[in-house]
Structures are given as C-alpha cells and as structure tokens.
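Report on the following structure.
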Amino acid sequence: MNVNTLKVLLSITQAFALTMSVAFIVYVVVIVVPYLRRKPAPVGDPADFSWHFFVPCRDEQTVIRETVRYLRATFKHAHVWVVDDDSEDRTARVVRSLWRRNGGFDPYLHLVPRRRPEARTGKGDALNAAYQELNGWLGEDARRDEVVVVVVDADGRPAANCLEVCAAEHLFGDSGIGAVQLDVRMSNVTTPPLRKSWISRAFGLKLAQMQDLEFRTAIAAIQTSRGFTGTISMGGNGQFTRLTALDSIAGDTAQPWRGSLLEDFELGVHLLTAGWRTGFTPDSHVAQEGLYSLRRFLVQRTRWGQGTMQCARYLRRIWDSPHVSTLGAAEMMYYLAQPWMQLLGSLLYPIPFILLLVSTAGDPAQVWAWFSEGAWILFAIYGSFGLLPFIVWGPIYQVKCLRNKNILRGIGMGMAYALYIYTFYITSWRALFRLVRGRNGWSKTRRNTEHTPGVKVALDS
Amino acid sequence: MAVLAVLALAVVLVFVERAYRVFEVQISGLILSVITTSGVEVVGERETVYFGLSGATPLGLRMTPECSSVFMLLPLFLVTAIMLWFRPVNARRLFFSLAVSALAVILVNQLRVLAIVGLVNWLGVDEGYYWGHTLLGSMVSVLGGAITLVLFVWLSTRKTKQVA
C-alpha cells in the first residue's frame, strides 16, 4: 500500500468519524431545546379507564411483596396481574399469601402461573400470558378501548399520579393514542449499597446516580423530541398500552409482545406501523432500582444493545409503513444504528491516535513540535466536541431534576456520565459476539438485593 | 438501480479524488482572484493555490486529501443510498437534498480556505496560518458540517405540502 492510498483511507475514516461526531452534536442540540422548554400538561380522570398492571416475575421473591403491596395500596381500583414465570424461588407463594388476606381474597390481585417448557422463554411471552388471562377475565362485553394495560417491573414503583396523568386529554383521552411511556427514575440514588469498602459503596452509588441522570435527562429528552417525529418508543417499565392497541397487533395467536430482547421497543414499532400514535410524559414517573454492580450493569446494557441489533430487522417494516413519516423512519433508523455506529466508532476513532503513536515512536521531537505548534488546539477542539454532548447533561440534571444550583457538581456529574456512556463501546461488542454466536436468550439481570457470590450476574433462558 | 448509481458515484469520487482536489483549488483561485488584488496562481499539478504574490509574504495552500471536501461527501452519498433503498418513492427529494448538501459541503471547505487566507492577511503568515488552519478552520468545518447535516435532513424528510 503506497503513501497516497494510505492517506486516502485515513481521510475516508476521518470524514466518517467527523460526520458521526457532528451528527451526534446536532442531535443533542436538537433534543435539548424541546426538553428544556417543556411545561407540565393538564391531567385527566382515571375513572374514565380500567387499569391493569402486569408484573412479570422470574425469581422475584426479594422484591415482589413490597411491589404488590405498593400497587394495591396506591391504585385501589386497578388490577394487578403477577406473572410467575416458573420461578425457582418463593415468588408465587408470596403472591398467594398477599391474595389471601384478612380472611378473604383480594379480587384485584391475580396470579398468572406459567410452567416449563412454556415458561422462562422471555419477558414477551410472560406478558402475552397475562394478556390472554386478561382477555378471558374481561369477557366479550368489556369496553376494550377503555382498558389500559400497564407493564411494571417487579421492583417498579409507578408514581401515585401516573393514572391521572395518563388519562389526560392528550394521552389516553385521545382515541388515536395507543400507548404511553412514563419517565423512569432510580429509587436508590441516595442509598449507598451495603459493601465493605467506601470506594465500592461510592462507586455503586455513583453508578445508580448515573442511571438516574441518563433516564431523567438524555432519554427523557430523546423521548420528548420523538413527539415531533411521531416515534416515541416504549420502555420495559412504566409502559401503558390501550387494550385495543394490543388487540390490533396480537394476531391469531393473541401475542402482542414479540420475541426480541428489546420486546418493549418492538411493541412500539408494531403499534406505530399499525397506525397508532404513542405518547411520552415526564409529568409522572416510574421508579426502579438502579444497579450498583458494574458487572450487572454491563450485562443489562449488553442485552439492550443486542436487542437493538435484533430490531434492525424492523427497518424495512418501518420504512414501508404509510403511518411513519420519513423523518420518523430516519429517527428510528438512527436509533437502531446506534450499536452499529458504536462498533464502527470504536474502530475508526482510535486510528488517528494509533498513527500518532507510531509517528511518536519514530520521531518524538518532530511530533512534539507539531503538537506544540498548533495540533494541541485540534485535540482540544475534537476532545471537547467528543465530551460536551455528554457533559451537558450533568448541569441539566443538577438544575432541572435535582433543583440544585451547584453547577460545578453538575459538570462533575456530566464528566462521570461521559465515562459511563463510553462503556457502551464495550457492551456493543459483547452484544455483537452474542448475536454472532446465536446466544439470544433472555438475560435477566439480578437485582441488587440478590446476593449471589460466585454465580452468574444474569440468567439466560 | 438508483441506489447502485449513488453508490457507484461515491466510488468514482474516491478514484478521481485528485482531480476533485485540483477542481477545489481552482475554485479557491477563482474566488481569491475576485476578492483579492494581490495576485493569485493555481498550480493544478501540485493541487495548490498561491496568493499574496505581489506582496512581501506570498503563500501557497495545498489541498491534501485530509483538507479536501471530497471524502466529506461520502457519508452523504451513503445515507442517501440507504434512504433511497428503503423509500424509493422519495428519489427526487433525496437527489435534490443530496445536491444542495453536497454544494454546502464544497462551499464550507471554500469558506475554510478563505478563513485561512483572511487570517494570513490579517495576522501575518506564521500566526495567521497557525490560527486559521487549527482553530478557525476546525470551527468552520464542524459548524459547516452541522449546517449541512441539518440541511440534508430537513430537505430529505420534510413533508410535502398538501394541495387543498
């Protein structure tokens, strides 16, 4: 390979790296503005709808009791459907004990037991089982357009105002809205983990705070801006769906949720391409536990990355749908391309640094002269552009979410967030390897309260 | 077919990148000869434009592959091809947005060259080139790239006005 060919190849990689970086900066600017300008919207009357919480459980004995108690106490007229996915612990027994209370039975609490080999095949299948049970329970005369299914994780805590917020005129009050996603928060941002060393406790707490920052700022901003592109996506926790919307995509087998690792995003794709609109509201939230363990966090994000890669198969469906605008399809394609762009970026971005290292090894004095005579400015500029789109969320989180004016702490949080985001370069590669090796099982991340020294941090199906 | 044509055009650009760079310095020479009076010369064989020839500090700017806009067009071609593949019905709009955005990329690079020339005239060769080639040049590239991307997305995805 001659020098000119090498220069051309380097220039091509440089052009793609610059385009990807600039595209990301533009994207962040575009999503920050509507997020910061958004005002709370009016609420509606929850009595206009019938609410059914679906709680899929696979070995959730450590958290399910408090979750069911919370849901039953906070939403007295809502039904709670706990799907026991053939748990190997006492999950089903805990739910049955809650069902039998005060000498009678709780008519609002339902247990959906599943048994292997049908069970433990994925969260989507567990939710489909609850959907089928609900269908049988409702009967044929039910006003299905007024029934709303709410998916909540076994450790989820939907805020007390979530039903009135979702019943609003612009959300389920609008008959064209098929699903609404709540803002997600972490419930343990002030509770350090029970660990021996202070470094470990501080790290665990910071990791949980980063997850809170991510969901309440960057993800909320992405979802808010998707209101303009008509592509608001669903999450796995705090996912509200109108029963008629589920019916429209359930097919003959009565299975609205599909089998990818990102069954929540998949649901949103099916709803949007079927002509439903989706909504997002930060006026209410669902709280869940942030992970303290880096290993568990990496497993969770690997699963999400792999799920996003799997959902690339929906690109054709999205672009072919007359219900999705070109801007919306482009936005969804950009989202689905993220793990692939991270893979590409992890290959492209280091190239200039490797070349610099090679040059430095060859002639350190010349490289130093080049660096000190102006190249440092380039490093400073491109370093800033690489970090600022992440750092910006720190002060935003500090001021908007925590109502604290300590900007310096916010910048510190933003820098930690930049480091946190760079873990995605690792998880995208792990996701690719799993995909290539055909390991598409449901890796359920263990909860913080599950102490399992020496065993896997996730459960494969 | 159209997708293949767009991809083929991108490949052709890579192969004719040197001719493209000569074309770029010729445009720079043309613009400089209009807006300056101190003498401009383009040497195509060296992909270089010389300016300030009648002054005390003439300078030549060589359009290397790294400085050229030719490769910045490739991502635009790639995205156009992907969008064309998924929604061929948008072909006319996509070709139009590609043409406008490509023009913007070329103009941004010319603007970068002009910024360097302007700073050299203002601050002298050493300091002017130093700031022009590093700080201002990079800022122009990033901001120009951002404007180009917004332009491309807006033109290629905007809704057609409904006729009443």
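So the protein lines, in turn, are chains A and B.
Note that the numbering used here numbers the first sequence so that position 140 is 140, with each residue one more than the last.
Note that the numbering used here numbers the second sequence so that position 41 is 41, with each residue one more than the last.
Each residue gets a CB set at the ideal place from its N, CA and C atoms; glycine is no exception.
| Item | Value |
| --- | --- |
| Out of Ala-115(B), Pro-65(B), Gly-39(B), state which residue places its alpha-carbon closest to the alpha-carbon of Ser-54(B). | Gly-39(B) |
| Along the chain, which unbroken stretches of the alpha helix (DSSP H) at least 4 residues long are found entirely within the segment 6 to 81 of chain B? | 17 to 35 |
| For the candidate residues Trp-137(A), Gly-204(A), Val-68(A), whose alpha-carbon lies nearest to that of Arg-296(A)? | Gly-204(A) |
| Considering Pro-389(A), what are the terminal residues of the alpha helix (DSSP H) in which it resides? | 376 to 391 |
| What residue range is occupied by the uninterrupted beta strand (DSSP E) comprising Leu-111(A)? | 109 to 114 |
| What residues from the segment 383 to 397 of chain A come within 7 Å of chain B, judged by C-beta to C-beta, listed N to C? | Phe-385 |
| How big is the Cα-Cα spacing for Leu-76(B) and Met-83(B)? | 11 Å |
| Does the segment 220 to 234 of chain A come close enough to the segment 91 to 101 of chain A that 3 or more CB-CB pairs lie under 8 Å? | no |
| In whole angstroms, what is the alpha-carbon distance linking Phe-424(A) and Thr-278(A)? | 27 Å |
| Per DSSP, Gln-300(A) is paired with what? | DSSP output for Gln-300(A) lists no bridge partner at all. |
| Please list, in chain order, the chain A residues whose beta carbon lies closer than 8 Å to that of Asn-173(B). | Here chain B has residues from 1 to 164 only, and residue 173(B) is not among them. |
| Using a Cβ-Cβ cutoff of 8 Å, what residues of the segment 54 to 69 of chain B are near chain A? List them in chain order. | Thr-64, Pro-65, Glu-66, Ser-68 |
| Can you tell me the Cα-Cα spacing of Val-112(A) and Ile-219(A), whole angstroms? | 32 Å |
| Can you tell which of Ser-11(A), Arg-430(A), Cys-57(A) has its C-alpha closest to the C-alpha of Trp-304(A)? | Arg-430(A) |
| Looking only at C-alpha atoms, which of Arg-65(A), Thr-19(A), Ala-160(A) sits nearest to Val-70(B)? | Thr-19(A) |
| I need the boundaries of the beta strand (DSSP E) containing Trp-198(A), first residue and last residue. | Here Trp-198(A) belongs to no beta strand (DSSP E); instead the alpha helix (DSSP H) covers 198 to 213. |
| Evaluate Met-1(B) with the Cβ neighbour count: other Cβ atoms within 10 Å of its Cβ, from every protein chain shown; 16 or more gives buried, anything less gives exposed. | exposed |
| Identify whether Gln-181(A) lies in helix, strand or coil by the three-state DSSP scheme. | strand |
| With C-beta atoms as the reference, is Ile-249(A) less than 8 Å away from Leu-271(A)? | yes |
| In the structure shown, what three-state DSSP assignment does Val-148(A) receive? | strand |
| Say whether the segment 27 to 47 of chain A touches the segment 168 to 176 of chain A, bearing in mind that this needs 3 or more beta-carbon pairs closer than 8 Å, one atom from each stretch. | yes |
| With which residues is Cys-462(A) paired in a DSSP beta bridge? | Here chain A comprises residues numbered 1 to 461, so residue 462(A) is not present and cannot be evaluated. |
| Mind checking whether Val-180(A) and Phe-53(A) have CB atoms under 8 Å apart? | no |
| Per DSSP, Pro-158(A) forms a beta bridge with which residues? | Val-286(A) |
| Are the segment 91 to 102 of chain B and the segment 140 to 158 of chain B touching, with three or more C-beta to C-beta distances below 8 Å? | yes |
| Name the one or two DSSP bridge partners that Gln-239(A) has. | Val-151(A), Gln-181(A) |
| With 8 Å as the limit, tell me which residues of the segment 178 to 191 of chain A have their beta carbon closer than that to any beta carbon of chain B; keep them in chain order. | none |
| Strictly under 8 Å for the Cβ-Cβ distance: is Phe-71(B) near chain A by that measure? | yes |
| Quick check: is the beta carbon of Arg-87(B) nearer than 8 Å to any beta carbon in chain A? | yes |
| Could you tell me the boundaries of the alpha helix (DSSP H) in which Tyr-130(B) lies? | 125 to 131 |
| Along the segment 299 to 327 of chain A, where does the CB come closer than 9 Å to a CB of chain B? Name the residues. | Leu-315, Arg-316, Ile-318, Trp-319, Asp-320, Ser-325, Thr-326, Leu-327 |
| If you run the structure through DSSP and keep just helix, strand and coil, what is Trp-137(A)? | helix |
| Taking DSSP's pairing of strands, which residues face Thr-253(A) in a bridge? | None; Thr-253(A) has no bridge partner. |
| Using a Cβ-Cβ cut-off of 8 Å, state whether Ala-146(B) counts as contacting chain A. | yes |
| My guess is that Trp-51(A) and Val-184(A) are in contact by the Cβ rule of under 8 Å, so how many angstroms apart are they, rounded? | At roughly 19 Å, the Cβ-Cβ gap does not stay under 8 Å, so Trp-51(A) and Val-184(A) are not in contact. |
| Which of the three DSSP states is assigned to Gly-173(A) in this structure? | coil |
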